[in-house]
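Numbering (my numbering), first residue to last: 38 to 421.
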């Protein structure tokens with residue numbers, strides 16, 4: 038009997054230790070976000086607020102009719118402070134089939150990057166039967182920096198005439214869109230993920246500089262030089278640390294029509310990070326599905342006139358998302374536009390310009406101003 042009592046006590050200790058370990062494991066897995074994977078919805082059931090038929094609304098606007106739903110995002114609230122200077126024939130250029138608008142998304146303080154581009158691939162304005170315009174899209178500097186340096190962006194814009202200064206602060210995932218009556222829209226999933234509950238909080242400083250660079254770039258491509266619906270035939274959205282071969286870009290563009298559904302670059306098919314210690318972790322509340330729609334990395338994107346037009350109209354009816362490239366993928370998915378992978382538009386860096394193959398490369402990421410000058414020098418030697 039004594040032996041049985043001791044065995045029972047030992048058994049109870051094991052059970053208590055096991056339960057404690059189990060509870061601790063569940064708590065840790067919940068805390069770091071691992072259990073969120075069990076709560077994900079299948080991507081096959083993907084839908085996105087405000088749950089309207091986006092393609093129908095876009096078709097109405099393309100036909101010159103009024104949308105039947107109120108805008109989720111109103112372009113009237115995204116008005117740049119400064120636009121690039123335009124020539125007298127800018128409307129004719131935009132409406133031609135051999136014009137490429139290159140929009141370089143740049144940090145306001147990266148003047149050395151912009152000058153490196155201006156003196157290398159950005160200096161090309163006509164070649165191979167195409168006209169090219171390179172402009173730079175930057176956010177405002179904060180007031181403290183302006184007090185120290187003065188209004189350097191306005192001076193740069195006046196001098197070069199190629200700068201678009203957005204009405205939002207220059208910061209990576211910082212509170213932006215200063216003094217705009219926007220609505221913050223949040224997606225909250227209930228505990229069983231049977232429905233998505235939406236609530237809105239009115240506020241002003243809520244969105245991210247990089248995200249608004251994407252929106253402003255689409256807006257510029259749609260209304261180039263302030264001409265209503267003067268949509269450029271082709272636009273490249275590219276970061277300021279990229280090398281770009283204009284010649285190879287044109288070779289690629291010649292394979293397409295401006296009426297194609299062209300949304301091209303380095304394609305990703307990925308799942309959301311749920312572990313909370315990851316930089317880009319997403320909760321179920323922010324994104325409830327088990328994978329993202331296919332999307333093109335935001336560093337370099339090639340768009341056609343048809344895609345620009347449909348993106349512009351569709352964005353008015355699709356709730357914003359924190360990551361601009363994934364949001365573009367959401368827009369493309371709802372519009373049934375297939376992101377096209379191009380292995381010659383590299384999203385990673387090249388260790389040395391010596392390693393570059395100029396025969397096929399369209400663009401590559403990770404170039405300092407000095408390395409860009411060296412790569413461009415080698416490109417000119419390669420062509421000579």
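Glycine included, every Cβ here is placed at the ideal spot set by N, Cα and C.
Please report the residue range of the beta strand (DSSP E) in which residue 366 lies. Sequence index remark: in the chain shown, residue 366 carries index 329 (1-based). First-last for residue 366: 361 to 371, but that is the alpha helix (DSSP H), not the beta strand (DSSP E).
Fully enclosed by the segment 105 to 155, which alpha helix (DSSP H) runs are 4 residues long or longer? Those alpha helix (DSSP H) runs which fall completely within the segment 105 to 155 and span 4+ residues are 127 to 132, 148 to 155.
I'd like the span of the beta strand (DSSP E) that includes residue 341, first residue to last. As a first step, residue 341 is located in the chain shown; it is residue number 304 there, counting from the start. Residue 341 -> beta strand (DSSP E) spans 332 to 341.
Go to residue 413, then tell me how far its beta strand (DSSP E) extends in each direction, as first and last residue. In the chain shown, counting from the first residue as 1, residue 413 sits at position 376. It is not in any beta strand (DSSP E) - residue 413 instead sits in the alpha helix (DSSP H) that spans 406 to 420.
Whole-angstrom Cβ separation of residue 172 and residue 117, contact assumed at under 8 Å? Here residue 172 refers to the residue found at position 135 when the chain shown is read from its first residue. Here residue 117 refers to the residue found at position 80 when the chain shown is read from its first residue. Actually they are not in contact, since the Cβ atoms of residue 172 and residue 117 sit about 11 Å apart, beyond 8 Å.
So is residue 79 buried or exposed if we call it buried at 16+ other beta carbons inside 10 Å? As a first step, residue 79 must be located in the chain shown, where it is residue number 42. Around the Cβ of residue 79, a 10 Å sphere holds fewer than 16 other Cβ atoms; the residue is exposed.
Under the rule that 16 or more other beta-carbon atoms within 10 Å means buried, what is residue 334, buried or exposed? Here the question's residue 334 lines up with position 297 in the chain shown. With at least 16 other beta carbons inside 10 angstroms of its own, residue 334 counts as buried.
Kindly give me the distance between the Cβ atoms of residue 363 and residue 271, rounded to whole angstroms, as I take these residues to be in contact under 8 Å. By 1-based counting over the chain shown, the position of residue 363 is 326. By 1-based counting over the chain shown, the position of residue 271 is 234. That belief does not hold up - the Cβ atoms of residue 363 and residue 271 are roughly 23 Å apart, past 8 Å.
Whose CA, out of 249, 361, 379, 310, lies closest to the CA of residue 299? As a working mapping, residue 299 is identified with position 262 in the chain shown. Closest by alpha carbon: 379.
Whose CA, out of 145, 420, 406, 352, lies closest to the CA of residue 86? If you number the chain shown from 1, residue 86 lands on position 49. Here the closest residue by C-alpha is 352.
Closest by C-alpha distance to residue 115, when choosing among 204, 146, 322, 190: Mapped onto the chain shown, residue 115 falls at position 78. When each option's Cα is compared against that of residue 115, the closest is 204.
Nearest neighbour of residue 139, chosen from 165, 325, 261 [CA to CA]: Start at 1 with the first residue of the chain shown, and residue 139 comes out as number 102. Distances from the CA of residue 139 to each of 165, 325, 261 were compared; the closest alpha carbon is that of 261.
Residues bridged to residue 382 [DSSP beta-bridge criterion]: Here residue 382 corresponds to residue number 345 of the chain shown, with the count starting at 1. Answer by DSSP bridge pairing, in chain order: 400.
Whole angstroms is fine: what's the gap from residue 170's alpha carbon to residue 408's? Within the chain shown, the letter at position 133 stands for residue 170. Within the chain shown, the letter at position 371 stands for residue 408. One alpha carbon belongs to residue 170, the other to residue 408, and they sit about 23 Å apart.
Considering only residues of the same chain and omitting the five flanking positions on each side of residue 97, which have a CB-CB separation below 8 Å? Locating residue 97 in the chain shown gives position 60, counting from the first residue. These residues qualify, in order along the chain: 103, 104, 105.
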